[in-house]
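A.B. asks: Dropping a structure here in structure tokens format, bear with me for questions.
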Amino acid sequence: MATTCLASGVAFLIPRLHQDGMSLPAASVLASAPMVGMVATTLLWGWALDRVGERTILVLSLSLTVAATVATTAASALHAPAWALWIGLFAAGAVAASTNGASGRIVVGWFPAHQRGTAMGIRQMAQPLGVGVTGLTVPVLAQRFGTTAGFVVFVVVAVVALVATVLWIVDPPHPDSPTESGGTNPYRRGSFLVRVHAVSVLLVIPQVALWTFVPAWLIIARHWPPLQVGIAVTATQVVAALGRIVAGRWSDAWGSRMRPIRIIAAAATLLMAALAATDAINSPVAVLVMVAASIVVVADNGLAFTAIAEYAGPAWSGRGLAIQNTSQYIASAASVPLIAAVIDGHGYAWAYALCALPPLIGLALVPRDPR
Numbered sequence: 003m004a005t006t007c008l009a010s011g012v013a014f015l016i017p018r019l020h021q022d023g024m025s026l027p028a029a030s031v032l033a034s035a036p037m038v039g040m041v042a043t044t045l046l047w048g049w050a051l052d053r054v055g056e057r058t059i060l061v062l063s064l065s066l067t068v069a070a071t072v073a074t075t076a077a078s079a080l081h082a083p084a085w086a087l088w089i090g091l092f093a094a095g096a097v098a099a100s101t102n103g104a105s106g107r108i109v110v111g112w113f114p115a116h117q118r119g120t121a122m123g124i125r126q127m128a129q130p131l132g133v134g135v136t137g138l139t140v141p142v143l144a145q146r147f148g149t150t151a152g153f154v155v156f157v158v159v160a161v162v163a164l165v166a167t168v169l170w171i172v173d174p175p176h177p178d179s180p181t182e183s184g185g186t187n188p189y190r191r192g193s194f195l196v197r198v199h200a201v202s203v204l205l206v207i208p209q210v211a212l213w214t215f216v217p218a219w220l221i222i223a224r225h226w227p228p229l230q231v232g233i234a235v236t237a238t239q240v241v242a243a244l245g246r247i248v249a250g251r252w253s254d255a256w257g258s259r260m261r262p263i264r265i266i267a268a269a270a271t272l273l274m275a276a277l278a279a280t281d282a283i284n285s286p287v288a289v290l291v292m293v294a295a296s297i298v299v300v301a302d303n304g305l306a307f308t309a310i311a312e313y314a315g316p317a318w319s320g321r322g323l324a325i326q327n328t329s330q331y332i333a334s335a336a337s338v339p340l341i342a343a344v345i346d347g348h349g350y351a352w353a354y355a356l357c358a359l360p361p362l363i364g365l366a367l368v369p370r371d372p373r
């Protein structure tokens with residue numbers, strides 16, 4: 003949740019930054035800074051996880067995250083220029099980037115195969131709940147007290163995550179022999195992992211579009227008050243979090259990670275197209291479609307994570323999950339400014355329509371489950 007709050011929470015500052023005179027594309031570049039930081043270091047964290055273990059890496063990573071978010075908050079309080087805030091957010095993202103891979107390895111290490119989908123779904127709840135927490139707090143605090151108050155939320159969440167890690171995280175047992183650990187490079191066994199990465203990259207684009215721009219859409223384009231937006235976003239993300247558990251349980255019951263992903267990709271395509279159409283005619287139904295789309299577009303993440311960790315094995319899961327995260331971070335960081343430019347030039351409906359294309363392409367790339 004700490005990483006998600008940082009990666010997605012800055013987007014909730016966009017309305018206040020826009021109000022203070024920053025253009026939407028410029029504010030979006032600032033919001034993408036944590037993602038860029040994560041791109042820079044996730045592979046290194048994955049390599050470290052495969053060699054050091056989860057608990058040690060998490061404690062180090064979250065300690066550095068607390069320091070970086072405190073420094074960024076202080077810079078904001080001192081009215082530092084936007085480039086200084088970008089550097090602070092970049093650094094915070096860079097040091098926080100271990101958490102997704104580490105927590106994924108912990109789940110796969112402690113749970114048997116027939117329970118992993120459900121367990122990973124519970125773990126993946128942290129992402130929409132993180133968006134919900136920041137959605138309920140950051141825009142309201144920023145509107146009332148300024149952007150620095152919004153940055154304080156990231157500090158608090160990082161501190162809570164660090165304390166929880168120190169108190170409760172225990173490394174799962176790891177096999178000792180090369181045979182048991184699956185030490186051979188899983189990328190040489192076929193195209194399964196590469197295709198899962200590609201599908202995940204395509205499916206993350208509508209996800210990041212909704213996470214980043216829905217608050218601004220509701221506040222600026224639809225004139226909702228920030229508190230109402232925060233409540234709506236939080237409620238939506240709570241349901242989305244539960245949806246990830248349902249998707250995980252569904253995959254356990256079917257004995258398949260890929261078949262549910264295929265259905266999710268099809269549903270995401272239809273819902274993003276419907277959102278574009280309803281927003282183009284300024285229909286109030288667009289808000290309901292946005293809620294449905296926000297729930298569906300995040301449902302695949304836990305399934306892909308589980309499939310990658312299972313296929314890669316303990317000796318390679320850190321690097322496999324790091325490649326997964328890095329590719330998604332690159333797609334997210336690159337797509338946010340592009341989507342912002344489309345919104346700035348042509349409006350939200352066109353942006354939503356374009357975001358229906360990636361899951362449609364991903365639908366054709368979903369691989370079969372490995373035997």
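To convert, take the position in the sequence shown, counting from 1, and add 2; that gives the numbering used here. Glycine included, each C-beta is placed from N, C-alpha and C at the ideal position.
#1: Would you kindly check if the distance between the Cβ of Phe14 and the Cβ of Thr74 is under 8 Å?
#2: Taking Cβ to Cβ, would you say Leu205 is nearer than 8 Å to Asp302?
#3: Exposed or buried, which one is Val41 when buried takes at least 16 other CB atoms within 10 Å?
#4: In whole angstroms, give me the CA-to-CA distance for Val109 and Ile89.
#5: So what's Asp302 in DSSP terms, helix, strand or just coil?
#6: What first and last residue would you give for the alpha helix (DSSP H) that runs through Tyr331?
#7: How should Val172 be labelled, buried or exposed, when 16 other C-beta atoms within 10 angstroms of its C-beta is the threshold for buried?
#8: What's the gap between the Cα of Asp254 and the Cα of Asn102?
#9: Taking 8 Å as the limit between beta carbons, can you name the residues of its chain near Val298, skipping five residues before and five after?
#10: Rounded to whole angstroms, what's the CA-CA distance from Ala355 to Trp170? Just pull it up for me.
#11: I'd like to know whether the C-beta atoms of Val159 and Val135 end up nearer to each other than 8 Å.
#12: Near Thr43, what residues of its chain come up, given a Cβ to Cβ distance below 7 Å and the 5 sequence neighbours on each side ignored?
#13: Could you check whether Thr67 and Ala4 sit closer than 8 Å to each other, using their CB atoms as the reference points?
#14: Let me know if Ile283 comes out buried or exposed under the rule of 16 or more other beta-carbons within 10 Å of its beta-carbon.
#15: Classify Phe92: buried if its beta carbon has 16 or more other beta carbons within 10 angstroms, exposed otherwise.
#16: Using a Cβ distance threshold of 8 Å, determine whether the region 196 to 205 contacts the region 360 to 367, with at least three qualifying pairs required.
#17: Give me the Cα-Cα distance between Ala366 and Thr139, rounded to the nearest whole angstrom.
#18: Could you tell me if Asn187 is buried or exposed, where buried requires 16 or more neighbouring beta carbons within 10 angstroms of its beta carbon?
C.D. replies: Concretely, from the data shown:
#1: Between Thr74 and Phe14, the CB-CB gap reaches or exceeds 8 Å.
#2: Less than 8 Å divides the Cβ of Leu205 from the Cβ of Asp302.
#3: Under a 10 Å Cβ-count criterion, Val41 is classified as buried, with 16 or more other Cβ atoms of the shown protein chains found around its own Cβ.
#4: Going by the C-alpha atoms only, they are around 32 Å apart.
#5: The answer is coil: DSSP assigns Asp302 none of H, G, I, E or B.
#6: Looking at the DSSP string, the run of the alpha helix (DSSP H) that includes Tyr331 is 319 to 348.
#7: Residue environment: Val172 is assigned as exposed (fewer than 16 neighbouring CB atoms within 10 Å of its CB, all protein chains considered).
#8: Asp254 and Asn102: Cα-Cα distance of roughly 21 Å.
#9: Once the five neighbours on either side are set aside, the close Cβ partners of Val298 are Gly245, Ile266, Ala269, Ala270, Leu273.
#10: In a straight line, the C-alpha of Ala355 is about 44 Å away from that of Trp170.
#11: In this structure, Val135 lies closer than 8 Å to Val159 by Cβ.
#12: Only Ala96, Ala99 meet the Cβ criterion.
#13: Yes; because the gap between Cβ atoms is below 8 Å, this pair is in contact.
#14: Answer is exposed; the Cβ neighbour count stays below 16.
#15: Buried, because 16 or more other Cβ atoms sit within 10 Å of the Cβ of Phe92.
#16: Yes, since at least three Cβ pairs between the region 196 to 205 and the region 360 to 367 fall closer than 8 Å, the two stretches touch.
#17: Across the structure, Ala366 and Thr139 are spaced so that their CA atoms are roughly 39 Å apart.
#18: Asn187 should be labelled exposed.
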